[in-house]
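K.L.:
Numbering (the numbering used here), first residue to last: 79 to 201.
For every residue, glycine included, the Cβ atom is placed at its ideal position computed from N, Cα and C.
Before I ask anything, here is the structure I am working with.
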Amino acid sequence: MTKCSKGHIINEETNPFWTLPLSLTNTPDATYNVVRGFERTFETKSYSGDNMVYCSECEKKTEATSGCDMDTFPQILVLLLKRFEFDFNTMSYFKSGCSVDVPYTLQKKARGRNFKRCSLIHF
């Protein structure tokens, strides 16, 4: 959901939550932490300055916040580790070579839901 600084809802949509793409690029550490990436997905993001969002009720661009949450938990949550990124300088894809720390259990803290790892596929 995206809300302007006055609390007007700019965008709200509900979609099924089956897969969660986690980008491994721009990882400051040598090892990507899946728990931290999972938590980052649900953090509130702020828009201000050049990134302000248009609010139809305010009839202008305004500061806003946006967030994502799981209303209904899937039976199986698939984590898609996005190792490939497109480099516009070379016009080709490159693969992130960082290590990945995948826990046995992943918890959605706000709701107390646990996901247990049932398989791990490595290509």
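With 16 other CB atoms within 10 Å as the buried threshold, where does Leu98 fall?
P.N.:
Looking up residue 98 in the sequence shown gives position 20. The residue is buried, with at least 16 neighbouring Cβ atoms inside 10 Å.
K.L.:
Rounded to the nearest angstrom, how far is the Cβ of Ser101 from that of Lys160, given a contact under 8 Å?
P.N.:
In the sequence shown, counting from the first residue as 1, residue 101 sits at position 23. In the sequence shown, counting from the first residue as 1, residue 160 sits at position 82. About 5 Å separates the two Cβ atoms, so the contact holds.
K.L.:
With H, G and I counted as helix, E and B as strand and the rest as coil, what does DSSP make of Thr109?
P.N.:
In the sequence shown, the residue the question calls residue 109 occupies position 31. In the structure shown, Thr109 falls within a strand segment according to DSSP collapsed to helix, strand and coil.
K.L.:
Asp149 by DSSP, collapsed to three states: which one?
P.N.:
Along the sequence shown, one-based indexing puts residue 149 at 71. Coil.
K.L.:
Less than 7 Å separating the beta-carbons of Asp179 and Asn111?
P.N.:
Walking along the sequence shown from the start, residue 179 turns up at place 101. Walking along the sequence shown from the start, residue 111 turns up at place 33. Yes, Cβ-Cβ distance for Asp179 and Asn111 is below 7 Å.
K.L.:
Going by beta carbon distance, what residues of the same chain come within less than 7 Å of Lys139, once the five residues before and after it are set aside?
P.N.:
Here residue 139 is taken as the residue at index 61 of the sequence shown, counted from 1. Answer for Lys139: Met130, Val131 and Tyr132, listed in chain order.
K.L.:
What residue from Ser170, Ser83, Cys136 and Thr103 has the CA that sits closest to Lys123's CA?
P.N.:
Working through the sequence shown from its first residue, we reach residue 123 at position 45. Among Ser170, Ser83, Cys136 and Thr103, the Cα nearest to that of Lys123 belongs to Ser83.
K.L.:
Which word fits Ala142, buried or exposed, when buried means at least 16 other C-beta atoms lie within 10 angstroms of its C-beta?
P.N.:
Here residue 142 refers to the residue found at position 64 when the sequence shown is read from its first residue. Looking at its Cβ environment, which holds 16 or more other Cβ atoms inside 10 Å, Ala142 is buried.
K.L.:
Just how far apart, CA to CA, sit Thr80 and Gly127?
P.N.:
Residue 80 sits at position 2 when you count from the first residue of the sequence shown. Residue 127 sits at position 49 when you count from the first residue of the sequence shown. Going by the C-alpha atoms only, they are around 16 Å apart.
K.L.:
Report all residues from its chain with a CB closer than 6 Å to the CB of Ser144; omit the five preceding and five following residues, and keep chain order.
P.N.:
Taking the first residue of the sequence shown as 1, we reach residue 144 at position 66. Same-chain partners within the cutoff: Thr80 and Lys123.
K.L.:
Could you tell me which uninterrupted beta strand (DSSP E) segments, each at least 3 residues in length, are contained entirely in the segment 153–180, listed from first to last along the chain?
P.N.:
156–160, 162–165, 170–173 and 177–179
K.L.:
Taking the runs of the alpha helix (DSSP H) that are 4 residues or longer, which of them lie wholly in the segment 109–144?
P.N.:
112–119
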